[in-house]
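Residue numbers (the numbering used here): 3 to 119.
(1) Is the region 86 to 94 in contact with the region 30 to 43, if contact means three or more CB pairs nearer than 8 Å?
(2) What are the boundary residues of the alpha helix (DSSP H) that includes residue 28?
(3) When burial is assigned at 16 or more other CB atoms within 10 Å of the CB, is residue 22 buried or exposed?
(4) Could you give the DSSP three-state label for residue 12: helix, strand or coil?
(5) If you measure between the beta carbons of residue 67 and residue 18, is that distance less than 8 Å?
(6) Going by alpha carbons, who is nearest to residue 75 out of 63, 7 and 26?
(7) For a test of the three-state rule: what should DSSP assign to residue 85, helix, strand or coil?
(8) Residue 1: buried (16+ other C-beta within 10 angstroms of its C-beta) or exposed?
(9) Between the C-alpha atoms of residue 37 and residue 45, what's the straight-line distance to the nearest angstrom?
(10) Rounded to a whole number of angstroms, what is the C-alpha to C-alpha distance between residue 7 and residue 62?
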(Lines of atoms letter the chains of each structure in order from A and count residues from 1; the text may use other names and numbers.)
(Lines give C-alpha, C1' and ligand atoms only; values in the text may rest on other atoms or scores of the structure.)
Protein backbone atom coordinates (compact mmCIF):
# COMPACT_ATOMS: atom_id res chain seq x y z
CA UNK A 1 0.00 0.00 0.00
CA UNK A 2 1.39 3.38 -0.97
CA UNK A 3 0.34 6.94 -0.30
CA UNK A 4 -0.37 9.85 -2.66
CA UNK A 5 -0.02 13.23 -0.95
CA UNK A 6 -1.24 16.40 -2.62
CA UNK A 7 -0.08 19.80 -1.29
CA UNK A 8 0.71 18.16 2.09
CA UNK A 9 -3.00 18.24 2.96
CA UNK A 10 -4.79 15.57 0.93
CA UNK A 11 -3.50 12.05 1.56
CA UNK A 12 -4.90 8.90 0.01
CA UNK A 13 -3.69 5.30 0.06
CA UNK A 14 -3.41 3.29 -3.17
CA UNK A 15 -1.88 -0.11 -3.82
CA UNK A 16 1.81 0.30 -4.78
CA UNK A 17 1.20 -1.08 -8.27
CA UNK A 18 -1.59 1.41 -8.98
CA UNK A 19 0.39 4.26 -7.42
CA UNK A 20 3.38 3.53 -9.70
CA UNK A 21 1.11 3.77 -12.75
CA UNK A 22 -0.48 6.98 -11.49
CA UNK A 23 3.01 8.43 -10.99
CA UNK A 24 3.90 7.70 -14.63
CA UNK A 25 0.72 9.35 -15.93
CA UNK A 26 0.79 12.36 -13.61
CA UNK A 27 4.50 12.89 -14.25
CA UNK A 28 4.02 12.79 -18.03
CA UNK A 29 1.22 15.36 -17.92
CA UNK A 30 3.11 17.69 -15.59
CA UNK A 31 6.30 17.48 -17.68
CA UNK A 32 4.23 18.80 -20.58
CA UNK A 33 2.86 21.60 -18.38
CA UNK A 34 -0.70 20.20 -18.49
CA UNK A 35 -3.19 20.66 -15.67
CA UNK A 36 -6.08 18.27 -15.01
CA UNK A 37 -8.52 16.98 -12.40
CA UNK A 38 -7.72 13.78 -10.50
CA UNK A 39 -10.66 12.07 -8.77
CA UNK A 40 -11.03 8.99 -6.59
CA UNK A 41 -13.65 7.31 -4.45
CA UNK A 42 -13.18 7.90 -0.74
CA UNK A 43 -13.10 5.11 1.81
CA UNK A 44 -16.25 4.54 3.87
CA UNK A 45 -14.30 5.57 6.98
CA UNK A 46 -14.21 9.18 5.72
CA UNK A 47 -17.70 9.44 4.30
CA UNK A 48 -17.78 7.21 1.22
CA UNK A 49 -17.87 10.18 -1.16
CA UNK A 50 -15.28 11.22 -3.68
CA UNK A 51 -12.40 13.66 -3.77
CA UNK A 52 -11.14 15.66 -6.73
CA UNK A 53 -7.95 17.72 -6.82
CA UNK A 54 -6.73 20.10 -9.52
CA UNK A 55 -3.27 18.88 -10.49
CA UNK A 56 -1.06 21.56 -12.01
CA UNK A 57 2.68 21.99 -12.63
CA UNK A 58 3.17 24.08 -9.46
CA UNK A 59 1.42 21.72 -7.03
CA UNK A 60 3.31 19.65 -4.50
CA UNK A 61 2.89 15.89 -4.91
CA UNK A 62 4.57 13.08 -2.99
CA UNK A 63 4.41 9.34 -3.71
CA UNK A 64 5.28 7.07 -0.78
CA UNK A 65 5.70 3.39 -1.64
CA UNK A 66 5.69 0.91 1.24
CA UNK A 67 6.66 -2.16 -0.79
CA UNK A 68 10.32 -2.97 -1.36
CA UNK A 69 10.27 -3.60 -5.11
CA UNK A 70 9.37 -1.51 -8.12
CA UNK A 71 6.23 -2.76 -9.86
CA UNK A 72 6.56 -3.58 -13.56
CA UNK A 73 4.69 -0.97 -15.60
CA UNK A 74 1.84 -2.20 -17.79
CA UNK A 75 1.86 0.09 -20.85
CA UNK A 76 -1.79 -0.71 -21.60
CA UNK A 77 -2.78 0.51 -18.12
CA UNK A 78 -0.72 3.70 -18.54
CA UNK A 79 -2.52 4.28 -21.86
CA UNK A 80 -5.94 3.71 -20.29
CA UNK A 81 -5.16 6.04 -17.37
CA UNK A 82 -3.76 8.66 -19.73
CA UNK A 83 -6.94 8.41 -21.80
CA UNK A 84 -8.99 9.36 -18.71
CA UNK A 85 -6.53 12.12 -17.75
CA UNK A 86 -6.99 13.67 -21.20
CA UNK A 87 -10.80 13.51 -20.98
CA UNK A 88 -13.03 16.34 -19.69
CA UNK A 89 -13.63 14.31 -16.48
CA UNK A 90 -9.89 14.12 -15.76
CA UNK A 91 -7.82 11.29 -14.32
CA UNK A 92 -9.59 8.51 -12.45
CA UNK A 93 -8.69 4.91 -11.73
CA UNK A 94 -9.73 2.30 -14.28
CA UNK A 95 -9.20 -1.46 -13.96
CA UNK A 96 -5.87 -2.80 -15.16
CA UNK A 97 -6.18 -4.31 -18.64
CA UNK A 98 -4.19 -7.39 -19.66
CA UNK A 99 -0.60 -6.49 -20.52
CA UNK A 100 -0.84 -7.84 -24.05
CA UNK A 101 -3.11 -4.94 -25.06
CA UNK A 102 -0.90 -2.18 -26.48
CA UNK A 103 -3.55 0.37 -27.34
CA UNK A 104 -6.71 1.64 -25.73
CA UNK A 105 -9.77 0.20 -27.45
CA UNK A 106 -12.15 3.17 -27.15
CA UNK A 107 -15.00 0.97 -28.39
CA UNK A 108 -14.92 -0.93 -25.10
CA UNK A 109 -13.63 1.79 -22.79
CA UNK A 110 -16.22 3.64 -20.75
CA UNK A 111 -15.71 7.35 -21.43
CA UNK A 112 -16.48 9.43 -18.35
CA UNK A 113 -16.09 8.78 -14.64
CA UNK A 114 -17.11 5.39 -13.35
CA UNK A 115 -20.57 5.28 -11.84
CA UNK A 116 -19.00 4.72 -8.39
CA UNK A 117 -17.33 8.17 -8.44
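Every residue, glycine too, gets a C-beta built ideally from N, C-alpha and C.
According to the structure shown:
(1) These segments touch.
(2) Residue 28: member of the alpha helix (DSSP H) spanning 18 to 33, first to last residue.
(3) When all chains shown are included, residue 22 counts as buried.
(4) Per DSSP, reduced to three states, the secondary structure at residue 12 is strand.
(5) Contact: yes.
(6) Among 63, 7 and 26, the Cα nearest to that of residue 75 belongs to 26.
(7) Residue 85 falls in the helix class under three-state DSSP.
(8) For the chain, the structure presents residues 3 to 119; residue 1 sits outside this window and is missing.
(9) Going by the C-alpha atoms only, they are around 25 Å apart.
(10) Each residue's alpha carbon lies about 8 Å from the other.
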